[in-house]
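**Q** Heads up, the sequence shown is in our numbering, so the first residue is 30 and it goes up one at a time.
Every residue, glycine too, gets a C-beta built ideally from N, C-alpha and C.
In this text, all values refer to a predicted model and were calculated from it rather than measured experimentally.
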Amino acid sequence: MVMVPPPPSPLNQPPLLLQHQCSLLAHQPHPSNWMIDVYWTVIPVLLVHYFQLHPGSMFDFWRSRVVVALTWVWAVRLTHSYFRREKWQWGAREDWRFTDLAQQYGKNWWWISFFAVYLIQQVFLIGVCLPMYIVHSISIPWNILDTAAVAVCLTGITIAYIADTQLHSFVSQNEKLKQLGKPLVPNLDAGLWYYSRHPNYFGEQLWWWGLAIFGWNLGCTWVFVGPLVNTLCLAYVTILVERKMVKLEYRAEQYKLYQKRTSVWVPWFKSSVIQEAKEKGC
């Protein structure tokens, strides 16, 4: 009888870890950390195939195929959104938060970025991708919870796509108004953005929580740690984004009202009391 080795621990992936650190070393001469955004669209796809094709893997055929397919759909959506936002340019700019940190830490940023940008992102990626490892480590037949997980994942991907598309249209419209010398529209308060201040964040988190349901269904309740930590970090990012929004003079007043009336993440109805007060001109 041939003994097949068990699949490797998701925390010990030499090829991927080596690739990650090599990219850091190669990227250091360039002051921008734009590449980390692309990593988020590539690494999960590599991981899910790594776990699936490992000789020690064991899995339900349909669950594996569905998780791989969903990961590809998510990755294509995120990649398309990223390059559309960057006007189809490769590495044109980095995340504004990294730019702010670079200005804050100055000459020390080259080594601080190793921890603040690259190493911590690796931990987050491994954490949220743990369900992919579990799916390819345990083989039980497809059941109703798998169907629920698919529904949550697809809902999240769809919401994120619609929200990003609406945001892109809004930004493009303001760019045209600016070129024409006309007043800018201060705030996006339509579509999904009417019900949530950050529907794109909500959709993205829904995807990761839906993916975790696959792992939970296979008896690994601890799998929710990954999306939980990711959600908490994105909550902090949300605070940073909103601080930046209210610093812009042309939109500060309306955005503060928007904050009072509109749910932060989860799409919900407007605050009726404040809405009525606004309509009465109070």
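Could you check where the alpha helix (DSSP H) with Leu235 kicks off and where it finishes?
**A** Looking at the DSSP string, the run of the alpha helix (DSSP H) that includes Leu235 is Pro228 to Asn246.
**Q** Please report how far the alpha carbon of Trp101 lies from the alpha carbon of Thr184, in whole angstroms.
**A** Taking the straight line joining both Cα atoms gives about 15 Å.
**Q** CB Glu115 to CB Arg126, shorter than 9 Å?
**A** No, the pair does not count as a contact, with Cβ atoms beyond the cut-off.
**Q** Could you tell me the boundaries of the alpha helix (DSSP H) in which Met87 lies?
**A** Premise fails: Met87 is in no alpha helix (DSSP H) and is neither H nor E.
**Q** With a CB to CB cut of under 7 Å and the five nearest residues on each side skipped, what residues in its chain are close to Lys299?
**A** These residues qualify, in order along the chain: Arg290 and Thr291.
**Q** What number of angstroms, rounded off, separates the C-alpha of Ala131 from the C-alpha of Trp138?
**A** Roughly 5 Å between the two C-alpha positions.
**Q** Report the residue ranges of all alpha helix (DSSP H) runs contained in full by the segment 248-295; include only those spanning at least 4 residues, in chain order.
**A** Entirely contained in the segment 248-295, the alpha helix (DSSP H) runs reaching 4 residues are, in chain order, 254-275 and 281-290.
**Q** Which term fits Phe231, buried or exposed, when burial requires 16 or more other beta carbons within 10 angstroms of its beta carbon?
**A** Phe231 is buried by the Cβ-count criterion.
**Q** Assign Ser168 to one of three DSSP states: helix, strand, or coil.
**A** Ser168 falls in the coil class under three-state DSSP.
**Q** Taking Ile72 as the reference, give the member of Gln150, Val181, His109 and Leu213 with the closest Cα.
**A** For Ile72, the nearest C-alpha among the options comes from Gln150.
**Q** Would you list the residues sitting across from Ser225 in a DSSP beta bridge?
**A** Looking at the DSSP assignment, Ser225 forms a beta bridge with Ser292.
**Q** Going by DSSP, what residue range makes up the alpha helix (DSSP H) through Asp218?
**A** Careful: Asp218 lies outside any alpha helix (DSSP H) and carries neither H nor E.
**Q** Would you kindly work out how many angstroms separate the C-alpha atoms of Lys285 and Val152, rounded to a whole number?
**A** The alpha-carbon atoms of Lys285 and Val152 are separated by roughly 34 Å.
**Q** Could you say which of Ala180, Ile188 and Cys158 lies nearest to Tyr79 if we only look at CA atoms?
**A** With distances taken between Cα atoms, Tyr79 lies closest to Cys158.
**Q** With H, G and I counted as helix, E and B as strand and the rest as coil, what does DSSP make of Ser110?
**A** Here Ser110 sits in helix by DSSP.
**Q** Which first and last residues belong to the alpha helix (DSSP H) in which Pro73 is found?
**A** That run of the alpha helix (DSSP H) goes Met64 to Leu82.
**Q** Can you tell which of Ile188, Lys273, Leu209 and Leu240 has the C-alpha that lies nearest to the C-alpha of Thr176?
**A** Minimum Cα distance to Thr176 is reached at Leu240.
**Q** For the candidate residues Arg94, Val293 and Tyr279, whose alpha-carbon lies nearest to that of His227?
**A** It is Val293 whose Cα lies nearest to the Cα of His227.
**Q** What residues in its chain sit with their C-beta under 7 Å from that of Val295, if we drop five residues either side in the sequence?
**A** The answer, listed in chain order, is Ser225 and Phe231.
**Q** In the structure shown, what three-state DSSP assignment does Ile175 receive?
**A** Checking the displayed sequence, the identity of residue 175 turns out to be Asp instead of Ile. Three-state result, Asp175: helix.
**Q** Count the other CB atoms, across all protein chains shown, that sit within 10 Å of the CB of Arg92; report buried if there are 16 or more and exposed otherwise.
**A** Buried, since its Cβ has 16 or more Cβ neighbours within 10 Å.
**Q** Less than 9 Å between the C-beta atoms of Gln81 and Val97, yes or no?
**A** Their beta carbons are under 9 Å apart, which means Gln81 touches Val97 by this criterion.
**Q** What residue range is occupied by the uninterrupted alpha helix (DSSP H) comprising Gln133?
**A** Per DSSP, Gln133 belongs to the alpha helix (DSSP H) from Trp125 to Tyr134.
**Q** In the DSSP assignment, find the unbroken alpha helix (DSSP H) run with Leu154 in it and report its ends.
**A** Here the alpha helix (DSSP H) through Leu154 covers Ile149 to Val157.
**Q** Using the C-alpha atoms, what's the distance from Glu271 back to Cys249?
**A** Spanning the two alpha carbons is a distance of roughly 35 Å.
**Q** Answer yes or no: do Asn229 and Tyr287 have a C-beta to C-beta separation smaller than 9 Å?
**A** No, they are not a contact pair.
**Q** Sorted by chain position, which residues of the same chain lie with C-beta nearer than 6 Å to Thr108's C-beta, five sequence neighbours on each side aside?
**A** Cβ within range, chain order: Thr70.
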